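A quick write-up on the structure given underneath.
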Amino acid sequence: MERRAYRRAVPRHPRTRMLAASCAMLALAAATPALSASDHDLASGVVLLDGATFPVVATLGDGWIATTPCRTEIFLDRGDFLDRVDVLLDPGHGGPETGSVGANGIVERDLNLGVAHLAKLALEDLGYTVALTRSRDLHMGIRQRAAIANALQPRAFVSIHHNGGAVRRSSDPGTEAFHQVDDDASRRLAGLLYEEVHAALSAWDVAWVDTVHQGASARIRSSGLDVYGILRLTPDLNSAIVEAAYLSNPAEADLLADVEVLQAEADAIARALHRFLGSDDPGTGFKRAFVDEAVTGTGTGWNCDDSGYGSTLSYAVGYTETEYADLSAMAARAGHTPESLQQFGVYALDFFHALQDRVELDPLPPEAIPAVDGSGLDASVTGRWLPQDQVVLMRVADAYGLSPAEAQKVGAVLMVFLVGISG
Ligand SMILES: [Zn+2]
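Adding 37 to a residue's 1-based position in the sequence shown gives its number in the numbering used here.
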């Protein structure tokens, strides 16, 4: 966060009272419509951190507001920003959503991840930039995977899966690829994925299984919409799903335990993408769209736990003896601690900020920004902010042109004023 060179070290209690009064007036006034002076950057892109991919909602100060795999907005102050890639690969499932499970103990969520990592390396060797929706085992719903894709706008988006359920004997792999209904580019991508993966796995002679959906097709509701959220929620992208083989078939599960097979599958996915991006090859295996009203029940992100994302941040705020006495008194009157009153104040400021289309809010002038450290300050209150609450603090700080500590003090002064006039 940029620090202001202009800072006072003298107690400025009367002035902060005036500031509180003007903040309160904002709430009371039915102001005229005003142009928004400080729209957030409408950022697209993602932040990569600790194996997770966070779509960015806004860039603020020295960090980002971004959504976790559980779709909670948090503030991130570290990570690698990425705004565009050629290819986004989505290893299907994760966490408690295991996907199919092989008789030999192989779990689809892990298998998908392994193949995705290998395909990423193969594509990077071909000169493409590649990202993964997740690069470790984590729980994430379909909507978030689509949000990552929409934030990155890749030239191609492929969700990697291994199937379950088929029992019909087949002389060749039961590879399936799914595309967006009525979308020629997505259809071509699925046809190339089917063609390459099916051909690569055909090098092995095992007791394959398949269904009538072997090939490339669209799976739709009777409404005509794509069944798969990955495809339905990325209408502006070239998206496809590949189900390479049947993990539920013991013979294929044993095959998928061989890293040579996984490498061949990953290379096939990379080749399909290379041909999609660099040629007009049409692909093969096309079948008519089929209507399926069944609910898969996976990919909801239900009970997603995002307590591990982001980090708790603390900011200390200095008060003069008089300011602290006022804060303590008003906190006691409201039945709260000084810490929580300070935090409530930030939420109150956020409420005013949310009125931005009705009330004109500009960054505070330097002389209205309270001192939060330095001499003349006798007491300190530390605000402790969870990742999801940091979104509010950073939004307020940005809107009013304050540091996080200054935003806390402005909030506290506002609360002292509001509790004072209400009591
Ligand atoms: Zn799957």
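For glycine and all other residues, C-beta sits at the position ideal for the given N, C-alpha and C.
On a predicted model such as this, the values are computed, not experimentally measured, just so you know.
Check your understanding: Does DSSP put S196 in a helix, in a strand, or in coil?
Key -> On the sequence shown, position 159 is the one that residue 196 refers to. Looking at S196 - three-state DSSP - the assignment turns out to be strand.
Exercise for review: Might you give, ordered along the chain, the residues of its own chain that have their beta carbon closer than 7 Å to the beta carbon of R312, omitting 5 neighbours on each side?
Suggested key: As a position in the sequence shown, residue 312 is number 275, starting the count at 1. Cβ neighbours of R312 beyond the five flanking positions: L229 and D318.
Check your understanding: Just the Cα atoms here: how many angstroms apart are H235 and A214?
Key -> Counting from one through the sequence shown, the residue named residue 235 turns up at place 198. Counting from one through the sequence shown, the residue named residue 214 turns up at place 177. Rounded to whole angstroms, H235 to A214 spans 10 Å at the Cα level.
Practice item. Using the DSSP secondary-structure output, state which residues sit across from A282 in a beta bridge. Key: Position 245 of the sequence shown holds residue 282. None, per the DSSP bridge assignment.
Practice item. Using DSSP bridges, identify the partner residues of Y352. Key: Translated into the one-based positions of the sequence shown, residue 352 becomes position 315. In DSSP, Y352 forms a bridge with G420.
Exercise for review: Using only the heavy atoms of ligand 1, determine whether one of them is closer than 8 Å to the beta carbon of G129.
Suggested key: As a first step, residue 129 is located in the sequence shown; it is residue number 92 there, counting from the start. Yes, Cβ of G129 sits closer than 8 Å to a heavy atom of ligand 1.
Exercise for review: Could you tell me the distance, in whole angstroms, from the CA atom of R421 to the CA atom of D435?
Suggested key: In the sequence shown, counting from the first residue as 1, residue 421 sits at position 384. In the sequence shown, counting from the first residue as 1, residue 435 sits at position 398. Answer to the nearest angstrom: the Cα atoms are 18 Å apart.
Exercise for review: State yes or no: is the C-beta of E302 within less than 9 Å of the C-beta of A282?
Suggested key: Taking the sequence shown and counting its residues from 1, one reaches residue 302 at position 265. Taking the sequence shown and counting its residues from 1, one reaches residue 282 at position 245. Yes, the pair counts as a contact, with Cβ atoms nearer than the cut-off.
Point to revise | Range covered by the beta strand (DSSP E) that runs through V383 | key: Residue mapping note: residue 383 aligns to position 346 of the sequence shown, counting from 1. No beta strand (DSSP E) holds V383; the alpha helix (DSSP H) holding it covers P375 to A391.
Point to revise | Sub-9 Å separation of V456 and I406 beta-carbons | key: Residue mapping note: residue 456 aligns to position 419 of the sequence shown, counting from 1. Residue mapping note: residue 406 aligns to position 369 of the sequence shown, counting from 1. No, these two residues do not count as a Cβ contact at 9 Å.
Practice item. Identify whether G322 lies in helix, strand or coil by the three-state DSSP scheme. Key: Residue 322 sits at position 285 when you count from the first residue of the sequence shown. Residue state, collapsed to three classes: coil.
Check your understanding: Of all the options S440, M431 and A184, which has the alpha carbon lying nearest to the alpha carbon of S81?
Key -> Along the sequence shown, read from residue 1 onward, the residue named residue 81 stands at position 44. Comparing Cα-Cα distances from S81 to each of S440, M431 and A184, the minimum goes to A184.
Practice item. Run the proximity test for N275: is its beta-carbon closer than 8 Å to any non-hydrogen atom belonging to ligand 1? Key: Within the sequence shown, residue 275 is the residue found at index 238, counting from 1. Result no, Cβ not under 8 Å from ligand 1.
Point to revise | Inter-residue Cα distance where the pair is R351 and T419 | key: Position 314 of the sequence shown, counted from the first residue, corresponds to residue 351. Position 382 of the sequence shown, counted from the first residue, corresponds to residue 419. Note that residue 351 is Ser in the sequence shown, not Arg. Using only the alpha carbons, I get a separation of about 6 Å.
Check your understanding: Do you know how far the Cα of D162 is from the Cα of V383?
Key -> On the sequence shown, residue 383 is found 346 positions in, with the first residue counted as 1. On the sequence shown, residue 162 is found 125 positions in, with the first residue counted as 1. About 49 Å.
Practice item. Using a threshold of 9 Å, state whether the C-beta atoms of R224 and G320 are closer than that. Key: Within the sequence shown, the letter at position 187 stands for residue 224. Within the sequence shown, the letter at position 283 stands for residue 320. Result yes, Cβ atoms of R224 and G320 sit closer than 9 Å.
Review point. Using CA coordinates, which residue listed in K324, D220 and A307 is at the minimum distance from Y165?
Key: Taking the sequence shown and counting its residues from 1, the one referred to as residue 165 is at position 128. Answer by Cα proximity: A307.
Review point. Distance, Cα to Cα, R115 vs P210?
Key: Position 78 of the sequence shown, counted from the start, is the residue given in the question as residue 115. Position 173 of the sequence shown, counted from the start, is the residue given in the question as residue 210. Between R115 and P210, the alpha-carbon positions lie close to 44 Å from each other.
Review point. Taking the DSSP output, what are the residues bridged to D263?
Key: Working through the sequence shown from its first residue, we reach residue 263 at position 226. According to DSSP, which records beta bridges pairwise, D263 is partnered with I257.
Check your understanding: When burial is assigned at 16 or more other CB atoms within 10 Å of the CB, is L310 buried or exposed?
Key -> Along the sequence shown, read from residue 1 onward, the residue named residue 310 stands at position 273. Per the 10 Å Cβ criterion, buried.
Check your understanding: Does the segment 254–268 come close enough to the segment 324–333 to have 3 or more Cβ pairs within less than 8 Å?
Key -> yes
**Study point:** Simplified DSSP assignment, three categories, for R41
**Key:** Sequence index remark: in the sequence shown, residue 41 carries index 4 (1-based). Here the model assigns R41 a pLDDT of 38, short of 50, so the residue's position is not dependable, and the following value carries that caveat. Residue state, collapsed to three classes: coil.
Review point. Quick one: Cα of G201 to Cα of D99, how far?
Key: Within the sequence shown, residue 201 is the residue found at index 164, counting from 1. Within the sequence shown, residue 99 is the residue found at index 62, counting from 1. About 45 Å.
Check your understanding: According to DSSP, is E443 helix, strand or coil?
Key -> As a working note, residue 443 is residue 406 in the sequence shown. Three-state DSSP puts E443 in a helix.
Point to revise | Burial state of R173 (16 or more Cβ within 10 Å) | key: Here residue 173 corresponds to residue number 136 of the sequence shown, with the count starting at 1. It is exposed - the Cβ of R173 has fewer than 16 other Cβ atoms within 10 Å.
Check your understanding: For ligand 2, is there a heavy atom less than 8 Å away from the beta-carbon of H250?
Key -> What this structure holds is ligand 1, not ligand 2.
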